[in-house]
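Trainee: Residue numbers (the numbering used here): 455 to 1054. Think of the CB as a built atom: it goes at the ideal place given N, C-alpha and C, for glycine as much as any other residue. Before I ask anything, here is the structure I am working with.
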Amino acid sequence: MLRIFHIQLVTWVFSAILIAQDDFRVFPYLQHPAPDAMSVLWFSEHPVPGSCTYWKEGSHLRITLPSDPIPAEAIRYSDWEDTIYFEGDAPSIPYLHSIRIENLDPGTIYEYIITQGTTVFRSDFRTAPEGDVPIRFIAYADAETEPESTGNFASWADPLKDSVRYYLVDQTTGYRNNLAVIRSREPDLVFIAGDLVESGGEQRDWDEFWRHNTNPSGLLSLAGRVPLMAAPGNHEYYEGHMDGYAQPGSERAVKRFLTYFEFPPNHSPNPEQQDRYYSLRYGPVTCIVLDLCNNSPNGSDWDTNFRLLGENDTLGGNAPDFGPGSIQYGWLEERLAASQANSYFTFVFFHHAPYSSGPHGYPPGEDIHQDYQSGVPVRMLTPLFMKYGVDAVISGHDEMWERSEVPGLEMDPDGEGKEHTIHFYDVGMGGDGLRGPYEGTDNPFQRFLVHRDVPEIWQDGILVDGGKHYGHLEVNIFQVDGDTWQAVLEPVYVFPKFSEQDSTYAAYERRVYDDRIILTGSSGGTVHQKDLTPNMLLSACYPNPFSEKTFIEYVLRLQTDVRIGIHDLQGRLVRVIEEGFREEGVHHSAWDGRDGTGRQ
């Protein structure tokens, strides 16, 4: 008999978020990484200057910079929030502190201390590399944080029956576990492809987002050690109970997003569009982040949000158009051409997935089997992506983990065409919905859909493997030889584990869906993609560094003999930890730090 178990959580009062933060409203976090600079932002409760002291790891030379508190009017609690949730006594506006630390060395670890009043925050960061070095980044979408996520279990489409269940853990637990796995992987960057919060205009939802992503402890703060790079989604443009997507409420909503983030400049002639789209070159990759939440004419086949009025709509706000002829389109083509010439790989991030079998895979419209927030209009950018050899497009919006492949011809600067395939991802499994496909959607390019391709495996009423879960895309980029680099794209899911004794929630575990993609880039800046299928794929050891054990995961595409050995820095064999014949599939091994004689 099928049994589904949920975590029972006690609801908490929202004001608990602010307990023990007498000096900080939002703890420090990193932004705008560069080879020679990094920005540190935080928000204080009072208009008191703070300071940032930093030093190169291992150095005794410390430099201290003062901060200038700026009233953050844009993130004031709305009147209705004040009335409903705070009984007229909502916290006053906080103060933004932003320090740009400059003249740093590339690819170098720096430690830093932020002092605000009597509170001290300490953490570290690594500057962006100068030149091509191995990197790791992680991407997800659709966290849609809100205090109400606690105790709220997402609808969980049943792949075998035409019915909907509720997921095994609530949204708060799912997102928290997802971030814990991300933090354990120590990425260089984290990308969020839109819908960070449930309602961009509700300040409580932003408080919830930062409660998850920052921490009083620098060691436990994801955003305090790794820059968060975000694209606005439709929810960032949604004010909530006030004006929804209507203006001027929608612009008030997205101003909260813009207040929190500081990205590389896009030099738009409209200063209100800074931080809505941008580009970042990081080692061997160029990452381009777009704002595709609206396009003119409103209500047309080219529009991604019929309710939102943008820069070229009458009485519209500043949401940028993205079609041919728009400022963002021209900027995008310049960035794509530069990436094709200078980077091994090009990744593009935005919210609306253009190829999907989910609810936003319907064509634009308001009738049956149509959608007024469709991602289909974004397909107009595919020819541009193809021309310049984009490797992967990472989006969300449909919240179902789907990968599509679109074939075509990349054009090199000399006008020569070559076969190319773009991978389109829906990674909208951050911490909110867990949808299945919708009847009548048309995605002939679909190659992997968790709902269809990963069956659930149940034993004695407990799920032991498979199914849709919260997770993210992990991308590892490394050099194969002097002229060749590879990017390995792994769809990671966070599996909730339940006790066999009493069926209560016990723990979570990082697992990888069987849909790894390997891209190959050549020297000279021209990106090539091949269907490389080596028999063995080896993941990075976890945790690294380790205290008692480190775990090794590898995938065999064919059954074969396997021998895993540990070598010292001189290349000498220390210990063989696994040897023998193995079937195809995912395998795990572990090393406890001991050599062949048992010594550590």
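1) Do residue 876 and residue 593 have their beta-carbon atoms positioned less than 7 Å apart in this structure?
2) DSSP three-state label for residue 706, please.
3) How many Å lie between residue 748 and residue 653 at the Cα?
4) Using the C-alpha atoms, what's the distance from residue 633 back to residue 549?
5) So if DSSP puts residue 506 in a beta bridge, which residue, or which two residues, is it bridged to?
6) In terms of residues, what are the limits of the beta strand (DSSP E) holding residue 487?
7) Which class does residue 653 belong to by DSSP, given the choice of helix, strand or coil?
8) What are the uninterrupted segments assigned as beta strand (DSSP E) that are 3 or more residues long and contained completely in the stretch 605 to 693, given in chain order?
9) From residue 664 to residue 480, what distance separates their C-alpha atoms?
10) Buried or exposed, going by whether 16 or more other CB atoms sit within 10 Å of the CB of residue 628?
11) Given a threshold of 16 other Cβ atoms within 10 Å of its Cβ, counted over all protein chains shown, does residue 801 qualify as buried or as exposed?
12) Evaluate residue 651 with the Cβ neighbour count: other Cβ atoms within 10 Å of its Cβ, from every protein chain shown; 16 or more gives buried, anything less gives exposed.
13) If you draw a straight line from the alpha carbon of residue 723 to that of residue 781, how long is it in whole angstroms?
14) Residue 727 by DSSP, collapsed to three states: which one?
15) Taking Cβ positions, are residue 882 and residue 910 nearer each other than 7 Å?
16) Assess contact between the stretch 813 to 829 and the stretch 900 to 914, defined as three or more Cβ pairs (one per stretch) separated by less than 8 Å. Is contact present?
17) Looking only at its chain, what residues have a beta carbon closer than 6 Å to the beta carbon of residue 953, apart from the 5 residues adjacent to it on each side?
18) Could you please give me the residues that DSSP links to residue 933 through a beta bridge?
19) Given this structure, state the Cα-to-Cα distance separating residue 483 from residue 675, to the nearest angstrom.
20) Around the Cβ of residue 1071, are there at least 16 other Cβ atoms within 10 angstroms (buried) or fewer (exposed)?
21) Less than 7 Å between the beta carbons of residue 703 and residue 693, yes or no?
22) Measure the C-alpha to C-alpha separation of residue 934 and residue 940 and round it to an integer number of angstroms.
23) Nearest CA to the CA of residue 596: which residue from 646, 538, 553, 733?
24) In terms of residues, what are the limits of the beta strand (DSSP E) holding residue 861?
25) Can you name, in chain order, every residue of its own chain whose Cβ lies under 6 Å from the Cβ of residue 978, other than the five neighbours on each side?
26) Among 497, 591, 838, which has the Cα closest to the Cα of residue 644?
27) Relative to the C-alpha of residue 869, which residue among 860, 791, 858, 833 is closest?
28) I'd like the list of long-range same chain contacts for residue 740, defined as Cβ closer than 6 Å, with 5 residues on each side in sequence excluded.
29) Note down the Cα distance separating residue 1016 from residue 807, rounded to an integer number of angstroms.
30) Once you ignore the five residues that flank residue 763 on each side, which residues in its own chain have a CB closer than 7 Å to its CB?
31) Just to confirm, is the Cβ distance from residue 515 to residue 506 under 7 Å?
32) So residue 497 is in the beta strand (DSSP E); what residue range does that whole segment cover?
33) Counting beta carbon pairs with one atom in the stretch 487 to 506 and one in the stretch 569 to 589, are three or more of them shorter than 8 Å?
34) Work out the CA separation of residue 710 and residue 686 for me, nearest whole Å.
35) Can you look up residue 722 in the DSSP assignment and give me helix, strand or coil?
Mentor: Reading it off the structure:
1) no
2) helix
3) 17 Å
4) 26 Å
5) 519, 568
6) 478 to 488
7) coil
8) 609 to 611, 618 to 620, 643 to 647, 682 to 685
9) 7 Å
10) buried
11) buried
12) buried
13) 9 Å
14) helix
15) no
16) no
17) 960
18) 939
19) 8 Å
20) Past the edges of the chain, shown from 455 to 1054, lies residue 1071, and the structure says nothing about it.
21) yes
22) 7 Å
23) 646
24) 856 to 865
25) In this predicted model, residue 978 has a pLDDT of only 44, less than 50, meaning its place in the structure is not dependable enough to derive any value.
26) 591
27) 791
28) 793, 797, 800
29) 40 Å
30) 701, 752, 769, 770, 771
31) no
32) 491 to 498
33) yes
34) 11 Å
35) coil
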